[in-house]
Structure formats: C-alpha cells, structure tokens
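Asks: Dumping the structure here so I can ask a few things about it.
Residue numbers (our numbering): 226 to 474.
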C-alpha cells in the first residue's frame, strides 16, 4: 500500500493551546454554518404555513395539500439537523473502543450484503475480496462498522452513474487492513489535504462529518487511514489496524 497517510482529524481532548483553540473555533464555525441552511428553510416554510392557515378565504382542500408539502419539508430539515447533531457529538464526545476479536472478512461481507440492494439500484457492482482463513484483530466492531460505512457511503456517492465498489481485506506486516475502492469521480489533489476536515465536502448534500468521524475511530484503535485517488478514475481509502489491537488503558 502506498497511499497518502491522512492526519487532519480532530483531537479527542481540546487543551488550551493556540492550535487547538483554532481547531475548536473552526469546528464551531463549521457547525454554525451547517445549521444556518436548514434553520432558514424551516423558518421560511413555517412562515408560509402560518400564512396558509390564517387565510380564511382559502379552499380547505387546497390549504391542506399545501400544508402537507411544507410539513414534509420541515420533517426533512428536522431529520437533517438530527443527523448533524448526532454526528457532531460522535466527532467531539470522549469515547474509548471496547475491543474484542473481530473477523474483518465477516464484517466486510456483512456490510456488502447490507448495501447490495441500494447499490444494485444505483448501477453499482459490489466486489468483496477476503483471504481464506480470515483476518482477525482486536477492535470495537460497532465503531469499526460505523467508520467503514462512512467510507462506503462516500464511495457510492462518488459514482452517480454507476461503477464498481470493491471491499478488500488483508494483512501488511503487523497490520490488518480494509480497503474501499470506487471507480468514481476521484478527488482533486487540492482537496486531499482537506477531505477529513470537519464539514468539508465536495458534495452539495451531507454534513461533511462522516470521514472525520472515521478518522477519529481509526485513531482510537491505534490505526491509520490512507488515501489514493485519481481524478476521473476513482478513489481508495484504506484503514490499517494493528493486529494486536488498540491499547487498553
């Protein structure tokens, strides 16, 4: 593996140093920016809904129809806010892995089966490559699944016209690895250093927190995350984990 190591994650404990305060300021500023759009949308729709309900001359059937459209918008934005807050807490709240012996091949096969229906609908072929005998390491399976799923979702979104998603498991020296490769749009060189920064995204949708959370999860396991990407051809994220597992303190 010769990908680029990525090291832009948010520290788990924010001490009062200038660098860490700057990171905290950037994080809070990003959250405020992400909150503005859904809150603005909700406010506009609430105002329009109030106007509809106050109009005593309006046809009741038409008023109900228009109200339901606005309620659907409000519910969607409320769900977006809930996702944003959940991910923000995952990114910033203290946590420690609870390691147990995990078969990485089983984890990857399970994730592949989970995404297969949606992937097929999107014209994406899912390929799983795991060695005979399996690859086992100590890890928190729930956290690991969350981190890998964030990468997989990004890979799917990078292939709007379909393609191939390859999930591979193996070992390299004293490390186990799981790689997620897509044949999508790729990542521009100028974006690679920023790709794991909280709230950074090359897409119009999403929170921009998924990969930051993955980086934090990988670090908590004593692992590392590498990136290889060619614009127009695809991207590979590789999670490396120590075969001996994370330190337990």
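Cβ coordinates follow ideal geometry from the N, Cα and C atoms, glycine included.
Just so you know, these numbers come straight off a predicted model, no measurement behind them.
1) Throw me the rounded Cβ distance for the residue 396 and residue 352 pair, which I believe falls under 8 Å.
2) Less than 8 Å between C-beta atoms, sequence neighbours within five positions excluded: which residues of the same chain meet that for residue 377?
3) Indicate the three-state DSSP secondary structure (helix, strand or coil) for residue 241 in the structure shown.
4) Return the chain-ordered ranges of every beta strand (DSSP E) run that is complete within the region 330 to 418 and spans a minimum of 3 residues.
5) If we ignore side chains and look at the alpha-carbon of each, how far apart do residue 375 and residue 409 end up?
6) Going by beta-carbon coordinates alone, are residue 348 and residue 411 separated by less than 8 Å?
7) Can you name the residues that DSSP bridges to residue 464?
8) Suppose you measure from the CA of residue 381 to the CA of residue 407; what does that come to, to the nearest Å?
9) On the premise that residue 401 lies in contact with residue 466, defined as a C-beta separation below 8 Å, what is that separation, rounded to the nearest angstrom?
10) Please work out which residues of its chain come closer than 8 Å, Cβ to Cβ, to residue 334, disregarding the five sequence neighbours upstream and downstream, and give them in chain order.
11) Give the single residue among 286, 287 and 273 whose Cα lies nearest to the Cα of residue 299.
12) According to DSSP, is residue 264 helix, strand or coil?
13) Have a look at residue 473 and residue 446 and give me their C-alpha separation to the nearest angstrom.
14) Is it buried or exposed, residue 267, if we count other Cβ atoms within 10 angstroms and call 16 or more buried?
15) Mind checking whether residue 454 and residue 463 have CB atoms under 8 Å apart?
16) So if DSSP puts residue 436 in a beta bridge, which residue, or which two residues, is it bridged to?
17) In chain order, what residues of the same chain have a beta carbon less than 6 Å from the beta carbon of residue 320, not counting five sequence neighbours either side?
18) Thinking C-alpha only, which one of 367, 330 and 342 is nearest residue 358?
19) Would you decide whether residue 264 is buried or exposed? Buried here means 16 or more other CB atoms lie within 10 Å of its CB.
20) Is it true that the CB of residue 443 sits closer than 8 Å to the CB of residue 372?
21) Assuming residue 277 and residue 261 are in contact, meaning their beta carbons sit under 8 Å apart, how far apart are those beta carbons, in whole angstroms?
22) Report yes if the C-beta distance between residue 399 and residue 468 is below 8 Å; otherwise report no.
23) From the DSSP secondary-structure annotation, give me the bridge partner or partners of residue 296.
Replies: Short version:
1) Going by Cβ atoms, the distance from residue 396 to residue 352 rounds to 19 Å, so no, they are not a contact pair.
2) 336, 340, 390, 392 and 405
3) Per-residue confidence for residue 241 stands at a pLDDT of 47, beneath the threshold of 50, marking its modelled position as unreliable; no derived number is given.
4) 349 to 354, 361 to 364, 388 to 397 and 400 to 407
5) 16 Å
6) no
7) 403 and 450
8) 8 Å
9) 5 Å
10) 353 and 355
11) 273
12) helix
13) In this prediction, residue 473 has a pLDDT of 46, which is less than 50 and means its spatial position is unreliable; nothing more can be read from the coordinates.
14) buried
15) no
16) DSSP output for residue 436 lists no bridge partner at all.
17) none
18) 330
19) exposed
20) yes
21) Actually they do not touch by this definition, with Cβ atoms about 25 Å apart.
22) yes
23) None, per the DSSP bridge assignment.
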